Amino acid sequence: MGPAHTDEVRAYIASGDTGGLAGCLAALARQIDHGDWTFGPTDIVAALREELPEADRGSLVEALVAVIGAAPEGRERNLVSDLALFLAWEFKLEAPLALLDDVLARAERTWTFPYSNQVFQTVEASFAHGRPVSGHVVALLRRMDTLSYLRRGPLRALLARTERPLLSPGEAWADQAIADAETGGEMWERLLAHARSAKSSKPTATWERAGRDILDEIGAEAASAVLVRWLALVGRPRTFALEEGWDRGEYDPYNAQALRGIAWLLAFTPESPETARALGRLAETALRKVTGIGPVSPKVANAAVYALSRLGGEASVAQLARLATRLTYRGTLKEVEAALDARASALGVSRAEVEETAIPAYGLVEVGRRVERFGGAAAELTVSAGTVVLSWRNAAGKTVKSPPAEVRHEHAESVAEFKAAAKDVAKMLTAQSERLDRLFLARRTWRFDPWRERFLDHPLVGTLARRLLWTVDGRIHGFADGELRTLDDAPASPAPDARVGLWHPIDSPAEEVVAARDWLERHLVTQPFRQAHREIYPITVAEETTGTYSNRYAGHVLHQHRFHALAAVRGWSDTLRLSVDADFPPTTRPLPEWGLRAEFWVAGHGDDTTGSGSYLHLATDQVRFYPIDAPVNRAHADSGGYEQNRGLGTGEVPPLPLTDIPPVVFSEVMRDADLFVGVAGIGNDPTWEDGGPRGRHRDYWVAYNMGELTAGALARRDVLARLLPRLAIGARCRIDGRYLRVTGTLRSYAIHLGSGNVLMSPNGRYLCIVPKADAETVPAGTYLPYEGDTTLSIILSKAMLLARDDLITDPTITRQFG
């Protein structure tokens with residue numbers, strides 16, 4: 001604001017035209033970039049303070065309130081409202097009720113109001129008029145109480161007068177809890193108050209006694225049912241919308257504290273599948289990532305894990321075992337692992353045995369099948385090829401899409417439990433597939449009888465184990481036609497004490513690997529993950545030359561956050577690198593069964609960062625192996641110059657020779673490195689065809705997309721070579737080095753077997769085909785030897801599309817033909 005604006009204000013003051021002055025000030029308020037007039041414009045504030053007659057001050061505020069009432073909602077209106085409130089207090093006037101209501105209506109739509117004194121004084125003024133504030137304003141004050149930079153005195157005085165609502169409204173679960181407590185009476189109000197007092201990391205003995213007393217008064221089973229119903233609503237969208245930009249998906253901190261207490265209280269109730277399911281879901285929901293924040297509430301997740309560990313029954317241990325394979329947040333994952341370790345210690349068995357024996361059957365009475373009758377109707381749950389299917393038959397035996405009406409009405413609770421069990425099966429199926437995939441490095445074998453019980457004939461795990469290949473006393477076996485068989489299809493009858501292990505192809509000669517693949521193909525077995533077709537990574541001549549490190553995956557550029565998430569899923573520990581003057585460890589994977597630690601060296605790359613300062617991209621470097629207890633290397637954020645004991649000058653533990661690393665360990669670690677580059681690398685990102693920002697990486701993108709095949713792509717090529725002769729398009733396709741060549745009616749195409757990208761004749765121009773997320777990539781009935789290779793499915797779908805290119809109608813494709 002300049003002198004001319006001040007002169008204009010003075011002119012209106014001198015004229016006595018408060019309406020004109022209000023319009024002038026409103027126009028000026030809309031031009032400034034904040035709403036706190038204590039920071040200026042000082043010349044205008046001084047003119048009003050010194051020159052505006054006292055008799056006109058109330059009229060000016062009323063005139064501004066009239067301007068506010070006539071203005072549409074939005075930022076400009078809010079700025080005028082801020083000015084009116086400032087002047088009312090500056091002139092020591094009683095703010096009009098309409099103005100107080102306007103400010104509070106805005107404040108309750110924010111997560112934390114920008115001008116704390118303004119909202120405190122407005123609430124105080126409302127109280128002075130005998131007017132209570134809304135529950136959403138109370139929620140705002142409670143959130144502001146968590147901000148360390150605020151003066152707590154005035155805020156705490158206000159909060160002392162606002163004990164209700166019992167929770168902060170605006171979250172689905174809290175709204176339901178408030179309603180239930182109000183109708184349930186004083187016992188439920190005490191339960192919520194006790195839950196809100198959960199401030200320590202774990203419940204104290206005093207807290208537990210008080211909680212148990214309340215639960216006994218209500219009835220532990222009845223209380224558990226209600227608490228589980230509340231937890232089912234956690235994580236749903238807010239019921240009271242905040243202004244744009246304020247709702248980031250965070251939990252209200254006041255409510256989050258109550259959630260911890262509710263989780264603890266459930267630990268003191270009788271265990272049930274519903275309770276364990278609710279706590280397991282809470283742990284996962286509370287670790288959902290929020291942009292700029294990270295996991296939404298690790299404290300709530302840890303409380304859920306604690307409750308599961310205290311319950312300790314089959315259903316709870318099963319949830320812990322599932323979470324051990326699903327969680328990637330290190331803090332909570334450590335809590336899960338500690339709970340499982342404690343369980344193992346108490347039983348005198350290994351942690352692995354606890355995880356194996358804790359998997360429930362979910363009512364499946366045979367491998368992959370459960371049938372329930374509801375009156376005359378029946379429901380069947382089947383697990384086939386990694387998919388859970390629910391089907392219904394009415395009383396006449398006819399298959400129907402959903403439960404018959406009489407079943408929904410007469411057996412509502414039983415149907416709900418059946419559907420919940422189906423969801424549990426789907427979640428556990430994913431978790432168990434990941435657990436089995438990790439067995440390759442677990443150094444674990446079993447006696448035949450326990451193995452058969454825990455794996456082959458387990459109602460749930462059996463749906464996975466029967467699609468894998470196992471060694472029995474060193475010989476490969478698979479399950480087909482209802483029994484265990486050797487690769488020559490002879491039925492097997494192993495001795496009870498025969499040793500069983502999960503087969504890895506690196507342990508077999510090439511001809512035995514081919515025989516295993518033939519057996520799977522002959523019996524149309526689709527494996528839950530790559531096993532017989534698993535990529536193997538023997539040490540290369542170059543790695544024998546470097547001796548203690550591999551450069552096989554050096555020199556790539558990765559999307560850091562994609563890499564970070566994938567590394568966690570694969571069991572690696574990674575720290576997000578910030579563009580700051582600090583040291584960071586490499587990405588590491590502990591291998592305790594082997595006494596080893598793998599390190600993948602990465603460094604921040606380029607100038608692009610997020611708003612919080614973390615690099616968008618990383619550059620990759622060496623892979624190394626160390627004894628598991630060796631000091632971890634560290635390097636500056638943007639440097640690959642890793643050192644042990646960086647800056648301390650103490651002795652170093654050298655990396656181990658690669659030739660000393662067991663072949664299966666080396667292969668699996670290098671497979672992960674290949675996966676990181678293939679999934680998180682910019683070379684596999686079609687949006688980087690132009691090289692990304694300023695075209696810096698175009699040459700790299702082209703080289704990666706059309707370059708030499710990785711081990712994974714070579715394995716994919718072998719699969720395609722076996723599949724193509726059976727496909728209707730087989731005569732139009734042939735494998736040529738790193739490409740699948742497809743002859744269409746209009747053009748010929750080359751699909752790269754590594755990236756799935758397409759070049760078209762006659763000049764090798766790139767053809768962009770974006771797979772549709774909801775489209776079926778491969779026609780039903782097409783046999784694939786394993787699940788999970790999205791690139792293989794995309795290559796097949798593109799080949800089927802391009803072989804009949806004259807039938808393509810999608811304009812995003814046809815206009816590229818020219």
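UniProt numbering puts the first residue of the sequence shown at 1, with every later residue one more than the last.
For each residue, glycine too, the CB sits at the ideal point set by N, CA and C.
The structure presented is a predicted model; accordingly, all values stated were derived computationally and were not measured.
Close Cβ partners of residue i (< 6 Å) along its chain, the five nearest in sequence each way excluded
| i | result |
| --- | --- |
| Gly19 | Ala63 |
| Arg10 | Ala47 |
| Ala567 | Asp574 and Thr587 |
| Ala775 | Low confidence applies here, because Ala775 scores a pLDDT of 48, under 50, leaving its location unreliable; read the following figure in that light. There are no such residues. |
| Asp17 | none |
Neighbourhood of residue i by C-beta distance below 8 Å, restricted to the same chain and skipping five residues each side
| i | result |
| --- | --- |
| Leu807 | none |
| Glu221 | Thr269 and Pro270 |
| Arg530 | Ala715, Tyr786, Gly788 and Asp789 |
| Ala193 | Leu166 |
Beta-carbon proximity check, residue i vs residue j, cutoff 9 Å
| i | j | result |
| --- | --- | --- |
| Leu259 | Leu231 | yes |
| Val137 | Ala107 | yes |
| Ala378 | Val371 | yes |
| Leu85 | Ala95 | yes |
| Arg447 | Pro496 | yes |
| Arg330 | Glu284 | no |
| Leu87 | Thr122 | no |
| Phe625 | Leu596 | yes |
| Ala738 | Pro762 | For clarity, residue 738 is Arg in the given sequence; the question names Ala instead. Cβ atoms of Arg738 and Pro762: not closer than 9 Å. |
| Ile359 | Ala421 | no |
| Glu51 | Ala14 | yes |
| Gly135 | Arg238 | no |
| Val234 | Leu282 | yes |
| Trp111 | Leu83 | no |
| Leu470 | Leu441 | A small correction: the amino acid at residue 470 is Trp; Leu does not occupy that position in the sequence shown. No. Outside cutoff. |
| residue 867 | Arg143 | In the structure displayed, the chain extends from 1 to 818; residue 867 sits before or after that span and is not available. |
| Phe127 | Val119 | no |
| Ala318 | Ser272 | no |
| Val425 | Leu520 | no |
| Arg734 | Tyr783 | no |
Sequence-distant residues of its chain with Cβ nearer than 7 Å to residue i (five each side left out)
| i | result |
| --- | --- |
| Gln713 | Sequence inspection shows Ala at residue 713; the Gln mentioned does not correspond to that position. Closer than 7 Å at the Cβ level, and outside the excluded window around Ala713, lie Leu753 and Gly754. |
| Val653 | Tyr626, Pro627, Ala630, Pro631 and Gln644 |
Residue i - containing alpha helix (DSSP H), residue span
| i | result |
| --- | --- |
| Arg106 | Leu97 to Ala107 |
| His194 | Glu186 to Arg196 |
| Val415 | Ala412 to Asp437 |
| Gly170 | Counting along the chain, Gly170 falls outside any alpha helix (DSSP H), and DSSP gives it neither H nor E. |
First through last residue of the beta strand (DSSP E) which encompasses residue i
| i | result |
| --- | --- |
| Glu751 | Per the sequence presented here, residue 751 reads as Ile, with Glu not at that position. Element bounds for Ile751: Ser748 to His752. |
| Trp246 | First-last for Trp246: undefined, no H or E at that position. |
| Asp736 | Cys733 to Asp736 |
| Glu453 | Where Glu453 is concerned, there is no enclosing beta strand (DSSP E), given that its DSSP letter is neither H nor E. |
| Asp621 | Tyr615 to Pro627 |
| Glu483 | Glu483 to Thr486 |
| Gly478 | Arg475 to Ala480 |
| His559 | Val557 to His559 |
Cβ-heavy atom distance, residue i to the ligand PLP, below 8 Å
| i | result |
| --- | --- |
| Arg671 | Annotation note on the ligand PLP: not contained in the displayed structure, which lists no ligands. |
DSSP bridge partner residues for residue i (one or two, in chain order)
| i | result |
| --- | --- |
| Asn633 | Gln644 |
| Glu380 | Val371 and Ser391 |
| Val349 | Paired residues: none, contrary to the question. |
| Pro590 | Arg597 |
| His523 | Answer by DSSP bridge pairing: none, since His523 is not bridged. |
| Thr399 | Arg393 |
| Met760 | Tyr749 and Arg765 |
| Val742 | Cys733 and Tyr749 |
| Asp583 | His636 |
May I ask you to verify whether the stretch 366-383 touches the stretch 472-479, counting CB pairs closer than 8 Å and requiring at least 3? Too few Cβ pairs lie closer than 8 Å, so no.
Check whether the stretch 70-83 and the stretch 25-32 are in contact - that is, three or more C-beta pairs closer than 8 Å. Result yes; three or more Cβ-Cβ pairs closer than 8 Å.
Closer than 8 Å is the cut-off here; do at least three beta carbon pairs connect the stretch 594-604 with the stretch 614-621? Flag = yes, the stretch 594-604 and the stretch 614-621 touch.
Count the CB pairs spanning the stretch 665-674 and the stretch 530-541 that are closer than 8 Å, and state whether there are at least three. Here the stretch 665-674 makes contact with the stretch 530-541; the two share three or more CB pairs at distances below 8 Å.
Three or more C-beta pairs under 8 Å: does that hold for the stretch 257-274 against the stretch 296-309? Three or more Cβ pairs closer than 8 Å define a contact, and the stretch 257-274 meets that threshold against the stretch 296-309.
Should the stretch 181-189 be regarded as contacting the stretch 246-258, the criterion being three or more beta carbon pairs within less than 8 Å? As far as the Cβ criterion goes, the stretch 181-189 does not touch the stretch 246-258, which means the pair count is below three.
Using a Cβ distance threshold of 8 Å, determine whether the stretch 400-416 contacts the stretch 432-440, with at least three qualifying pairs required. No, the stretch 400-416 is not in contact with the stretch 432-440.
The stretch 287-294 touching the stretch 189-207, judged by at least three CB pairs closer than 8 Å: Not touching, per the Cβ criterion.
Give a yes or no on contact between the stretch 541-556 and the stretch 504-516, applying the rule of three or more CB pairs nearer than 8 Å. No, the stretch 541-556 does not touch the stretch 504-516.
Indicate whether the contact test is met: 3 or more Cβ pairs, each with one atom in the stretch 342-357 and one in the stretch 385-402, closer than 8 Å. Judged by Cβ distances under 8 Å, the stretch 342-357 makes no contact with the stretch 385-402, as fewer than three pairs qualify.
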